[in-house]
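Undergrad: Numbering follows full-length UniProt numbering, in which position 19 of the sequence shown is assigned residue number 19; successive positions increment by one, without gaps.
Beta carbons are placed, not taken as given, at the ideal position from N, Cα and C, and that holds for glycine.
Input: one structure, supplied below.
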Amino acid sequence: MSQTRMNELYRKIAYYDATYYGTGRSEISDYHYDLLYRELVELEQQYPHLVSPNSPTQRIGSDLTEGFLKYTHATPMLSITNTYSKEELEKWIHDIQKYGALSCIAELKMDGVACALHYQDGRFIRAVTRGDGTRGDCITENVRTIRTIPLQIDAPGFLEVRGEILMSYPRFHHLNKELKENGQPPMQNPRNTAAGTIKLLSPQKVARRGLDFHAYALLAEGSELSHSKNLEKLKHLGFHTVIHSEPFAKPAPLLSFCSEWERKKENHPYPIDGMVIKVDEINRYDEIGLTAKSPRWVRAYKFAPDRGITEITAIDAQVGRTGVITPVARLRPISLSGTTVQNATLHNYDEIYRLSVNVGDMVTVEKSGEIIPKVISVAEKRTTTPFELPFHCPSCHSPLVKEPHTVALRCVNTACPAQRFSFLKHFVSRAAMNIDGLGPAILEELLQRKMIETPADLFKLTKEELVPLPRMGERSASKLLKSLEKSKNAGLASLVHALGIPLVGSETARVLAAETGSLEKLMNMSCEELEKIHTVGPEIAASLFSYFSTPENKSLISELKNLGLRTEETSGKNSDTSLEGSTYVITGTLSEFTRAEAKKLLESKGARVTSSVSRSTTALIAGENSGSKYTKAESLGIPIYTETFLENLTKKTPH
1 MSQTRMNELY
11 RKIAYYDATY
21 YGTGRSEISD
31 YHYDLLYREL
41 VELEQQYPHL
51 VSPNSPTQRI
61 GSDLTEGFLK
71 YTHATPMLSI
81 TNTYSKEELE
91 KWIHDIQKYG
101 ALSCIAELKM
111 DGVACALHYQ
121 DGRFIRAVTR
131 GDGTRGDCIT
141 ENVRTIRTIP
151 LQIDAPGFLE
161 VRGEILMSYP
171 RFHHLNKELK
181 ENGQPPMQNP
191 RNTAAGTIKL
201 LSPQKVARRG
211 LDFHAYALLA
221 EGSELSHSKN
231 LEKLKHLGFH
241 TVIHSEPFAK
251 PAPLLSFCSE
261 WERKKENHPY
271 PIDGMVIKVD
281 EINRYDEIGL
291 TAKSPRWVRA
301 YKFAPDRGIT
311 EITAIDAQVG
321 RTGVITPVAR
331 LRPISLSGTT
341 VQNATLHNYD
351 EIYRLSVNVG
361 DMVTVEKSGE
371 IIPKVISVAE
381 KRTTTPFELP
391 FHCPSCHSPL
401 VKEPHTVALR
411 CVNTACPAQR
421 FSFLKHFVSR
431 AAMNIDGLGP
441 AILEELLQRK
451 MIETPADLFK
461 LTKEELVPLP
471 RMGERSASKL
481 LKSLEKSKNA
491 GLASLVHALG
501 IPLVGSETAR
511 VLAAETGSLE
521 KLMNMSCEEL
531 EKIHTVGPEI
541 AASLFSYFST
551 PENKSLISEL
561 KNLGLRTEET
571 SGKNSDTSLE
581 GSTYVITGTL
591 SEFTRAEAKK
601 LLESKGARVT
611 SSVSRSTTAL
621 IAGENSGSKY
631 TKAESLGIPI
641 YTETFLENLT
651 KKTPH
């Protein structure tokens, strides 16, 4: 039983990690994620002989993304152990005193993207994401566009500044307003938007998003005195720093500071999800030490999710892209986490019976940050009749089916309008084919006018058909057609994910693409062959085999291929526009490439190659006997790559 539960927790946590770190989306609140994680830790402590080397407790999550040069952190960017109660936090503050009389400092835990900034003799030279804690993505050119990051500071030698890349609530709401006006789907929340923005391959697009940076750590010679003094130094150098307390030796004032900000968090212009409490004396860090994943000299105190009681006014059935019916509770409006909540998920119909909930009951609703609100319990039972399951699809009225070994009700009518809409919305989404200009309103319009039925129909649209549509016009139509054409080269992983195969998310799609290399090979694999692929178990293998055995799906894939969509991985895993928006300069004598070959290779990936180094140069590729261009690139703090960079591009190694 314990091994079965541990394996189940491995799968769940791995899925949530892959979703969070790989796509920037959160499908579970931090609070509930940590409950799963803690349960796993306790089971592993109880049964150490059952611990798998691949357990999530043995590694750090990763935000590494294809399309960026990787950089190894000189000092690992480790995660922080979470606490959820003042009692736990107070115990940690007391326990840490065994290392001597120590002070602690509390600071806001900003909900953004951790990043390390590197400076050499005052010049900004590099920005690296946290990645897997050991290696991160080099996002230098994107970070240059963030106006709250100084590009020149008064500091000699090498210096590293760590902090969070953030998007403010006002900027987030303004961006969503723009997206809505352009018929595009809104962003989920500020944290995910910042994570997605900083990984865009176009610095110009990043600049328009209006990101900010708040520093929380300084790593440099002479910075080993105290954390509080380092924060003051960062302010003096021109950085925005996280809001923090004074250093205190006793728990009471630290806990008071935490309580104050837990009350005020909704009034802060940036997303915060807790507090970070650190030992102030940096010279004691080595003595206090580390665990495998996190330092012992720091703890995070996570704010509890907001809860409130309200009435369920209706329970509606929502049809997903695979036909799964999800019950959604309509609520009497209630204010939680600074927003008005009117809907909450009930997950599935078994959950309704578990909670014994029905229309008219008073329920406790929980909302954590920007995660979808959910009903967690009945506060006051006002109904006596049990909830009745729906028998027909709310969209097409076909009979619903409950499949064996699942809790889901499903509409099996592939012509169901709601399914078709949800599928198309998924197909064009950023996580799938990333087609700009096809928001829900435009898709609805195209479906109602019977201009499209399947994803293949999108690629047959003409400018003459699009221009007359509401909110379209010539310019928007041209942009949409250009985006559709560009998406044909999105790559095999994006296409497999876009097909909406049950149980196949973006991470599984990426693995399938890497392992098979072509959609044709994937389609012709047996269940046994599929199961041998890393992360593909019996359920996913059966789902893939069933999908590719359906004539309708085979026909769609054939049509997409005939329309020019790339169904093979061409010499690797990256798309052909992985360097789009970047500018390179080549200097010196290359041993494996002619200058023309190197230029052609870079341009084939979307890069621009110029003859002179300037501040707008992304990187210099230097061969033997490099001259003045090398010197100028060094003086401007521009990254300098060797010929290996070009060799990696031919192998399509993430750069």
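1. For residue 291, which of 552, 79, 645, 238 has the nearest alpha-carbon?
2. Specify whether the stretch 275-293 and the stretch 157-177 touch according to this definition: at least 3 beta carbon pairs, one from each stretch, less than 8 Å apart.
3. Pairs of beta-carbons, one from the stretch 398-410 and one from the stretch 426-434, closer than 8 Å: are there three or more?
4. Opposite residue 483 in the DSSP bridges: which residues?
5. Give the DSSP-derived three-state secondary structure of residue 284 in the structure shown.
6. Please specify which runs of the alpha helix (DSSP H), each continuous and at least 4 residues long, are wholly inside the stretch 326-407, giving them in chain order.
7. Can you find at least 3 beta carbon pairs, one from the stretch 264-278 and one from the stretch 295-315, that sit closer than 8 Å?
8. Are the Cβ atoms of residue 325 and residue 393 separated by less than 9 Å?
9. Output needed for residue 22: all residues of its chain with C-beta closer than 7 Å, excluding positions within five of it in sequence on either side, in chain order.
10. With a cut-off of 8 Å on the beta carbons, I'd call residue 164 and residue 113 a contact; round off their distance for me.
11. Mark residue 137 as exposed unless 16 or more other C-beta atoms lie within 10 angstroms of its C-beta, in which case mark it buried.
12. As a quick exercise: from 208, 344, 330, 203, pick the residue whose alpha carbon is nearest that of residue 359.
13. Quick one: grab the DSSP three-state call for residue 82.
14. Compute the beta-carbon to beta-carbon distance between residue 237 and residue 154, rounded to the nearest angstrom, for a pair I have assumed lies under 8 Å.
15. At which residues does the alpha helix (DSSP H) containing residue 726 begin and terminate?
16. Could you name the residues of the same chain whose beta carbon sits closer than 7 Å to that of residue 539, not counting the 5 residues immediately before and after it, in chain order?
17. Which one of 636, 196, 228, 239 has the shortest CA to CA distance from residue 214?
18. Taking the straight line between their C-alpha atoms, what separation do you get for residue 143 and residue 33?
19. Kindly indicate which residue of 288, 597, 220, 73 has the alpha-carbon position closest to the one of residue 92.
20. Closer than 8 Å is the cut-off here; do at least three beta carbon pairs connect the stretch 341-355 with the stretch 378-394?
21. Just to confirm the assignment, what range does the beta strand (DSSP E) spanning residue 318 have?
22. Per the contact definition of three or more C-beta pairs closer than 8 Å, is the stretch 578-588 in contact with the stretch 541-561?
23. For residue 401, is the classification buried or exposed, using 16 other Cβ atoms within 10 angstroms of its Cβ as the cut-off for buried?
24. Decide yes or no for the touch test of the stretch 434-454 against the stretch 479-488: beta carbon pairs closer than 8 Å, at least 3 of them.
25. When you compare each of 210, 630, 644 to residue 146 by their alpha carbons, which one comes out closest?
26. Among residues of its own chain, excluding the 5 on either side of residue 332, which ones have a beta-carbon nearer than 7 Å to its beta-carbon?
27. Could you check where the alpha helix (DSSP H) with residue 277 kicks off and where it finishes?
28. Which class does residue 551 belong to by DSSP, given the choice of helix, strand or coil?
29. Opposite residue 118 in the DSSP bridges: which residues?
30. Short of 6 Å in beta carbon distance, which residues of its chain neighbour residue 11, apart from the five on each side in sequence? Order them along the chain.
31. Could you tell me if residue 118 is buried or exposed, where buried requires 16 or more neighbouring beta carbons within 10 angstroms of its beta carbon?
32. Is there contact here, the stretch 541-553 with the stretch 588-601, by at least three beta-carbon pairs under 8 Å?
33. How many Å lie between residue 524 and residue 323 at the Cα?
34. Are residue 614 and residue 636 touching if we call contact CB-CB under 9 Å?
35. Out of 188, 204, 150, 167, which one is the CA nearest neighbour of residue 618?
36. Evaluate residue 94 with the Cβ neighbour count: other Cβ atoms within 10 Å of its Cβ, from every protein chain shown; 16 or more gives buried, anything less gives exposed.
TA: So, to answer that:
1. Taking the Cα of residue 291 as reference, the smallest distance to any Cα among 552, 79, 645, 238 is reached at 79.
2. No: the two stretches stay apart, fewer than three of their Cβ pairs being nearer than 8 Å.
3. Touching, no, given that fewer than three Cβ pairs across the two stretches are closer than 8 Å.
4. In the DSSP secondary-structure assignment, residue 483 is not bridged to any residue.
5. DSSP places residue 284 within a helical segment (H, G or I) once states are collapsed to three.
6. The stretch 326-407 contains these whole alpha helix (DSSP H) runs: 349-355.
7. Counting Cβ pairs under 8 Å, three or more are found: they touch.
8. Yes; because the gap between Cβ atoms is below 9 Å, this pair is in contact.
9. Caution applies to residue 22, whose pLDDT of 46 falls short of 50 and renders its modelled position unreliable; the value that the coordinates give is listed next. So the list reads 506, 507, once near-sequence residues are dropped.
10. For a cut-off of 8 Å, the C-beta gap from residue 164 to residue 113 is around 7 Å, short enough to register as a contact.
11. A residue is called buried when at least 16 other Cβ atoms come within 10 angstroms of its Cβ; residue 137 meets this threshold and is buried.
12. Its Cα nearest to that of residue 359, the residue 330 stands out among 208, 344, 330, 203.
13. Strand.
14. About 7 Å separates the Cβ atoms of residue 237 and residue 154, confirming a contact at the 8 Å cut-off.
15. Since the first residue shown for the chain is 1 and the last is 655, residue 726 is missing from the structure and cannot be characterised.
16. Closer than 7 Å at the Cβ level, and outside the excluded window around residue 539, lie 503.
17. Ranking the options by Cα distance to residue 214, first place goes to 239.
18. The C-alpha of residue 143 lies about 30 Å from the C-alpha of residue 33.
19. Ranking the options by Cα distance to residue 92, first place goes to 288.
20. Result yes; three or more Cβ-Cβ pairs closer than 8 Å.
21. Here the beta strand (DSSP E) through residue 318 covers 306-319.
22. Flag = no, the stretch 541-561 and the stretch 578-588 do not touch.
23. When all chains shown are included, residue 401 counts as exposed.
24. Contact holds: three or more Cβ-Cβ distances are below 8 Å.
25. Of 210, 630, 644, the residue nearest in Cα terms is 210.
26. Only 310, 311, 313 meet the Cβ criterion.
27. Element bounds for residue 277: not the alpha helix (DSSP H) but the beta strand (DSSP E), 272-279.
28. Helix at residue 551.
29. According to the DSSP secondary-structure assignment, residue 118 is paired through a beta bridge with 126, 160.
30. So no residue of the chain qualifies.
31. Looking at its Cβ environment, which holds 16 or more other Cβ atoms inside 10 Å, residue 118 is buried.
32. The answer is no - the stretch 588-601 does not touch the stretch 541-553, with fewer than three Cβ pairs under 8 Å.
33. Each residue's Cα considered, the two are about 25 Å apart.
34. Yes; because the gap between Cβ atoms is below 9 Å, this pair is in contact.
35. For the residues 188, 204, 150, 167, the minimum Cα distance to residue 618 belongs to 204.
36. The Cβ neighbour count for residue 94, taken over all protein chains shown within 10 Å, is under 16; the residue is labelled exposed.
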